[in-house]
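**Student:** If you scroll down you'll find the structure; I have some questions about it.
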Amino acid sequence: MFNRRTFLKTTATALPMAGAFDIFEPGFALSAETIATAAVSGDTPNLIPLPQRLAPVDLASEPWQQRIRRVGQSNMTEHDPAVMNVEEWASYWHSARADIVFVSVTGILAFYPSKVKFHRHGQFLNGRDFFGECVAAAKKRGMRVVARMSPDLNWGDALEAHPDWAMRNKDGSVQYSGEEPRLFKTCMFSAYMDDYVSAIMREINSLYDIDCFYTNGWPPIGSLPECYCAICSKLPPTDTSEYWRVFNDRVFELWSKYDSIAKEKKPDSFFFANLGGNVHPGPSLDRIGKLAVWFQADNQGRTYDDPAIWGCTLQSRACNAVLDGKFSANVAAAYSTGIVRWRNASKNPAEAKMWMNEALAGGMALYYHFIGSEDGLGEDRRWQKVGADYFRWAAKYDAHLTTRRSIANIGVVMGQSTQLLYKGPAMAHSRQYMRETTHGLYEMLLSGRFAFDFVHEDRLESERLSRYRALLLPNIAMLSTRQCQQVRDYVQSGGSIMASFETGLYDENLKQRGDFGLSDLLGISKAGDVVGTTGNAYYGRIERQHPILAGFTNTNWIPGAQNRVPLKPVAEPVLTVVPGFVQYPPELAYPPVSHTAEPAVVLREIGHSRTAYFPGDIERTWWLTGHGDLLRLLHNTIRWITRDEKIVHVQGEGFVEIFAWETAPGYSVHVLNYTNPNSHHGWLQSVYPLGPQAVSMRLPTGVKVESVELLHAERTVPFRLEGELLHFIIPSVDDCEVAAITAG
Ligand SMILES: [Zn+2]
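In my numbering, the protein residues as written are 147 to 890.
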């Protein structure tokens, strides 16, 4: 790793000692030589050139939502018409440079004098057109307006007239809201969605000039609905691939219908719905990606259940896998998210800011959200300065913070069906199983500072995959015959892959195959059912030296994983399985069988391609244990299959997440500083700054550099361009830094 000490050591020959000591002090100007020496002094990166720059954007033909950079939402409560100061509300978002605001129409409670039957007026509305006043206040200030609806719940009078609108339990009883039993849950397959929601949309269109429509609370995200109403009883059982297809058809049908209603008044209006759930959302991301022009990522903050700090960037990578540059925004809650919630109290500023740093780093628009406006604009107003300051800062750099194309040379297959439908092997069956796998993979890639994208399982065409040197398949259990062929074609054309555990052992309907779908490609064959761990987990015995074992000395074996698929022997294995055994009592904690021919990894070279397969659930076991051997093994393996090629190299101390983008002015490199005791628990309380980060990239032929500017530090830094090789140093990183490169 490159840190201040090694920097000083390696630059000592190029600088007088006193000079070297002072180089990162304020006011010290770094020479181009210093930068070049520092940037290449650590592990020598094998930098591959960036692709030729994209043609300039045709602004005239770009849809309006593509230019939205900041979204504001004071989520309106029933009480707000009695207490919210409409002018103050609009002025706040306007002063924060919001381009668009959400205003509630709803569907649970009307915020205007709706005539749609069962659209109950809020008890503080008193005939007032609160929605209309808010729209007018926003429009007066040049902000666009999203009409926000909520079709997921309704009241008893509607249920009495339309018992078919309700979601039902197995015993036929109505499903009610867990918090407010007067509200029943509406079924998305019922006429409620066709008739009632459409009627509200048409009423809004007839009364107001709004820019687009949005539904909260639908479609379900994170899991699939379970309903036993008359319609749903005839559908395949929930949590099956057959149900998932019917569910997706219905989502697609309603989304398209609402979109055409939105366009009845204005052709550039549209409909969008609540989404999120990162890699395991309800609706098919492939299908939604083709339909949606606004991806609303309802991924508002960290929770106790899912505490990793990268929740927002994980979401952004899922979006980027399917949007092809279309608009996405991540909702950052200014209020207190989590297992214990305070909807009307501000969260830690450091946490709120990091979530917004992540949204921008991941290529999403900023979106700041608070709930309720008691006492004018909130009893707790602390969130307002945090959001407004961040928004105003970002507004200065819209050009650099708007992304065009990701710079990455590793693709990670995102198996949405596996995430939704597969629950892990029998001995570890759990909804958490794939979440643990995802986080293990993610943390491993971050700590290795790899530049990667997610690639959706339904987007494995060669045109998409050709940009990646390697494809990772972290226990992508479900793969169709076609998907297996696409992976084969990718390797045939020179790509490399790393796969693990039950990858390809199931088809797209979760039907288990006799052997792996990629057996031929990976050179593996299943020798039995999954073996779990009771007691002491299995080891991998080192059979011979190999680059994936670099750094393992003074040991004959290394840890394996919690679960593994036993394989038939292969020629010249690198690691073989020492089966698990008793861990207690310690008297029995020794291997009765200390050597087998069962492979613990299978490696192949096919032309320019390299393949690596781990029979264990190694990414997940890394997440569960934090064992550095597993991390080293995975890092070594990725370096081996990619032949250590990099497309952007950021060297320095600390645990960070890196994004690199092509932008309209040039390029941007985002460095998110996760080196913090609260990265995996609770919220950030404060910032622990990092020292220098040396950045290297190989630009396309003929591209010159005018400047490198640090957007958070708000200053330029020197750079060196040697041929196409660009080097510069980010002297320090607080919570985040964005290096904006302006091409000449
Ligand atoms: Zn139903």
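No residue lacks a Cβ here, since even glycine has one placed at the ideal position from N, Cα and C. These figures come from a predicted structure and were not determined experimentally.
S755 to Y481, Cα distance in whole Å?
**Tutor:** The alpha-carbon separation between S755 and Y481 amounts to approximately 49 Å.
**Student:** In angstroms with no decimal places, state the Cα-to-Cα distance between T459 and A511.
**Tutor:** In this structure, the alpha-carbon of T459 lies about 12 Å from that of A511.
**Student:** Is R150 helix, strand or coil by DSSP?
**Tutor:** Per-residue confidence for R150 stands at a pLDDT of 41, beneath the threshold of 50, marking its modelled position as unreliable; no derived number is given.
**Student:** Hey, is F330 close to ligand 1, as in C-beta under 7 Å from one of its heavy atoms?
**Tutor:** Between ligand 1 and the CB of F330, the shortest heavy atom gap is not smaller than 7 Å.
**Student:** Sorted by chain position, which residues of the same chain lie with C-beta nearer than 8 Å to T722's C-beta, five sequence neighbours on each side aside?
**Tutor:** Excluding residues within five positions, the ones whose Cβ falls inside 8 Å are G686, R687, E689, H741, T742, A743, E744, P745, A746.
**Student:** If you drop the 5 nearest sequence neighbours on each side, which residues of the same chain put their C-beta closer than 6 Å to that of D357?
**Tutor:** So the list reads R290, V291, once near-sequence residues are dropped.
**Student:** Assuming L271 is part of the alpha helix (DSSP H), what are its boundary residues?
**Tutor:** It is not in any alpha helix (DSSP H) - L271 carries neither H nor E in the DSSP assignment.
**Student:** Leaving out five residues on either side along the sequence, give the residues of the same chain with a beta carbon under 7 Å from the beta carbon of Q831.
**Tutor:** N494, A496, N824
**Student:** Rounded to whole angstroms, how far is the Cβ of T483 from the Cβ of G447, which I believe are closer than 8 Å?
**Tutor:** About 3 Å separates the two Cβ atoms, so the contact holds.
**Student:** What span of residues does the beta strand (DSSP E) with F393 cover, start to end?
**Tutor:** Taken as a continuous stretch (DSSP letters only), F393 belongs to no beta strand (DSSP E), being part of the alpha helix (DSSP H) at 387–409.
**Student:** Determine the DSSP secondary structure at F170, reduced to helix, strand or coil.
**Tutor:** Legend: pLDDT at F170 = 42, less than 50; position of this residue unreliable, value from coordinates given subsequently. Reduced to three states, the DSSP call for F170 is coil.
**Student:** Quick one: what's N192 bridged to in DSSP?
**Tutor:** N192 is bridged to E791.
**Student:** Thinking just about the alpha-carbon of each residue, which of S296, I350, F335, K316 is nearest to the one in L329?
**Tutor:** For the set S296, I350, F335, K316, the Cα lying nearest the Cα of L329 is the one of S296.
**Student:** Would you mind sorting V884 into buried or exposed? The rule is 16 or more other CB atoms within 10 Å of its CB.
**Tutor:** buried
**Student:** What are the residues that DSSP puts in a beta bridge with S814?
**Tutor:** W807, A886
**Student:** How should G570 be labelled, buried or exposed, when 16 other C-beta atoms within 10 angstroms of its C-beta is the threshold for buried?
**Tutor:** buried
**Student:** In whole angstroms, give me the CA-to-CA distance for D168 and A498.
**Tutor:** Note that D168 has pLDDT 36, beneath the 50 cutoff, so the model's placement of it is unreliable and the number below is only indicative. About 34 Å.
**Student:** Just to confirm before moving on: does the CB-CB distance between Y636 and L617 stay below 8 Å?
**Tutor:** yes
**Student:** Flag this pair as touching only if the stretch 778–794 and the stretch 642–653 have three or more C-beta atom pairs under 8 Å; answer yes or no.
**Tutor:** yes
**Student:** Go through its chain and collect everything with a Cβ distance to W390's Cβ below 8 Å, but skip five positions before and after it.
**Tutor:** L370, S430, S563, L566, L567
**Student:** Expressed to the nearest angstrom, what Euclidean distance is found between the alpha-carbon atoms of A929 and R213?
**Tutor:** Past the edges of the chain, shown from 147 to 890, lies residue 929, and the structure says nothing about it.
**Student:** I'd like the list of long-range same chain contacts for K714, defined as Cβ closer than 7 Å, with 5 residues on each side in sequence excluded.
**Tutor:** S671, A673
**Student:** Which residues in the same chain as K380 place their Cβ atom closer than 6 Å to its Cβ, once the five residues preceding and following it in sequence are excluded?
**Tutor:** Excluding residues within five positions, none has a Cβ falling inside 6 Å.
**Student:** For ligand 1, is there a heavy atom less than 7 Å away from the beta-carbon of M339?
**Tutor:** No, ligand 1 has no heavy atom inside 7 Å of this Cβ.
**Student:** What did DSSP end up calling K286 once you bin it into helix, strand or coil?
**Tutor:** helix
**Student:** Which term fits V879, buried or exposed, when burial requires 16 or more other beta carbons within 10 angstroms of its beta carbon?
**Tutor:** buried
**Student:** Can you determine whether any heavy atom of ligand 1 sits closer than 7 Å to the C-beta of S336, and answer yes or no?
**Tutor:** yes
**Student:** Relative to the C-alpha of N476, which residue among A505, G218, F805, F359 is closest?
**Tutor:** A505
**Student:** At 3 residues or longer, and completely inside the stretch 700–773: list those beta strand (DSSP E) runs for me, N to C.
**Tutor:** 703–705, 721–724, 748–752, 755–760
**Student:** Just tell me which of V397, H781, T386, V841 has its CA closest to the CA of S336.
**Tutor:** Ranking the options by Cα distance to S336, first place goes to V397.
**Student:** Between the Cα of V748 and those of A206, L668, E868, spot the shortest distance and give me the residue it belongs to.
**Tutor:** Closest in C-alpha terms to V748, from the list A206, L668, E868, comes L668.
**Student:** I876 to L867, Cα distance in whole Å?
**Tutor:** 16 Å
**Student:** Looking at C-alpha atoms only, which residue of G278, R615, I246, K657 is the closest neighbour of S260?
**Tutor:** G278
**Student:** Please look up how many angstroms separate the CB atoms of R538 and R243, rounded, as I've assumed it's under 8 Å.
**Tutor:** 6 Å
**Student:** Using CA coordinates, which residue listed in D661, A540, R487, R613 is at the minimum distance from T627?
**Tutor:** D661
**Student:** Following the continuous beta strand (DSSP E) through G557, name the residue where it begins and the one where it ends.
**Tutor:** Its beta strand (DSSP E) spans residues 556–560.
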